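Undergrad:
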Amino acid sequence: MRLFTKLLAAVLILGASSAAHAGVKARETVFVGDYEPGTIVVMTGARQLFLVTGEDTALQYDIAVGKPSEQWFGTSWVSKKRVDPTWVPTPSMREKKPTLPASMGPGPSNPLGKRAMNLGWGTYRIHGTNSPNSIGSAASAGCFRMRNDDVMDLFERVHVGAQVVVLR
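Numbers -22 to -1, 1 to 146, taken from mature numbering (1 follows the signal peptide of the UniProt record, and there is no 0), label the letters of the sequence shown in order.
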């Protein structure tokens, strides 16, 4: 009965959330794990990101992950949140593809999309995308890409300092 009540609550929450954020593809789901609410859990193999919302519940978003040679696993934290971010390719990106610009301001061509959340170490981020067809694939240089509506939804729910756990 307790599980049925949780599932019913999840469906009701999802309905309310969907009405408030048209275009967002996140869904409330049962989530088993020992994580505090506000924790972001990335399941790389499933190409999904979860924002833990309570005991046994989370919002689930579909994402793109790093190419196999660019994937990483472990823990980090959200160190900075940026609206309409400027993209600056890393030196290794520019070495692999010299035609990349030194930087790219906000706009439809920017690969970071509408929002970016920098992670505590390195150059990795959770961000939007200008390539929504990449969602569900291993396509990035190690970042986690989200649909722009989804990343804007997550951005409003997450605080600087939130823990990020990246699993296989």
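Positions of the beta carbon are idealized from the N, C-alpha and C atoms, including for glycine.
All of these numbers come straight from a predicted model, not from anything done at the bench.
(1) Over what stretch of residues does the beta strand (DSSP E) that includes residue 150 continue unbroken?
(2) Within 8 Å, do at least three Cβ pairs link the region 38 to 58 to the region 118 to 134?
(3) Check for me: the beta strand (DSSP E) holding D40 runs from which residue to which?
(4) For the candidate residues K59, W99, K75, K74, whose alpha-carbon lies nearest to that of G91?
(5) With distances taken between CB atoms, is the gap from V61 to R93 smaller than 8 Å?
(6) Nearest by alpha-carbon distance to G100: which of L37, D131, S57 is it?
(7) Bridge partners for R103 per DSSP, in chain order?
(8) Quick check on the DSSP output: the beta strand (DSSP E) that includes V8 runs from which residue to which?
(9) Return the CA-CA distance between H105 and M95, expressed in angstroms with no decimal places.
(10) Quick one: what's got a C-beta closer than 6 Å to T17's C-beta in the same chain, skipping five residues either side?
(11) Buried or exposed for T22, going by 16 or more other Cβ atoms inside 10 Å?
(12) With DSSP as the reference, please indicate the residues paired to residue 172 in a beta bridge.
(13) With a threshold of 16 other CB atoms inside 10 Å of the CB of F133, please say whether the residue is buried or exposed.
(14) In angstroms with no decimal places, state the Cα-to-Cα distance between A36 and W55.
(15) Sorted by chain position, which residues of the same chain lie with C-beta nearer than 7 Å to V10's C-beta, five sequence neighbours on each side aside?
(16) Going by CA-CA distance only, name the one from T7, P15, L27 that's closest to D128.
TA: On the basis of the data shown:
(1) Not covered by the structure: residue 150. The range shown for the chain is -22 to 146.
(2) Touching, per the Cβ criterion.
(3) Position 62 of the sequence shown, counted from the first residue, corresponds to residue 40. Under the DSSP assignment, D40 falls in the beta strand (DSSP E) whose first and last residues are 35 to 40.
(4) One-based indexing of the sequence shown puts residue 91 at position 113. Selection K59, W99, K75, K74 evaluated against G91 yields K59 as nearest (Cα-Cα).
(5) Taking the sequence shown and counting its residues from 1, the one referred to as residue 61 is at position 83. Taking the sequence shown and counting its residues from 1, the one referred to as residue 93 is at position 115. The answer is yes: Cβ separation under 8 Å.
(6) For the purposes of this step, residue 100 is taken as the residue at position 122 of the sequence shown. The option with the nearest alpha carbon to G100 is S57.
(7) Against the sequence shown, residue 103 aligns to sequence position 125. DSSP, once it has assigned bridges, lists N96 as partnering R103.
(8) Residue 8 sits at position 30 when you count from the first residue of the sequence shown. 5 to 8 is the extent of the beta strand (DSSP E) around V8.
(9) Locating residue 105 in the sequence shown gives position 127, where the first residue counts as 1. Locating residue 95 in the sequence shown gives position 117, where the first residue counts as 1. If you take the alpha carbons of H105 and M95, they lie about 6 Å apart.
(10) Walking along the sequence shown from the start, residue 17 turns up at place 39. The beta carbon of T17 lies closer than 6 Å to those of V30, Q141 in the same chain, with the five residues before and after it left out.
(11) If you number the sequence shown from 1, residue 22 lands on position 44. By the 16-neighbour rule on beta-carbons within 10 angstroms, T22 is buried.
(12) Only positions -22 to 146 of the chain appear in this structure, which leaves residue 172 out of reach.
(13) Stepping through the sequence shown from its first residue, residue 133 is reached at position 155. A residue is called buried when at least 16 other Cβ atoms come within 10 angstroms of its Cβ; F133 meets this threshold and is buried.
(14) Here residue 36 corresponds to residue number 58 of the sequence shown, with the count starting at 1. Here residue 55 corresponds to residue number 77 of the sequence shown, with the count starting at 1. Distance between the alpha carbons of A36 and W55: 18 Å.
(15) In the sequence shown, counting from the first residue as 1, residue 10 sits at position 32. Only D34 meet the Cβ criterion.
(16) Indexing the sequence shown from 1 puts residue 128 at position 150. The candidate whose alpha carbon is nearest that of D128 is L27.
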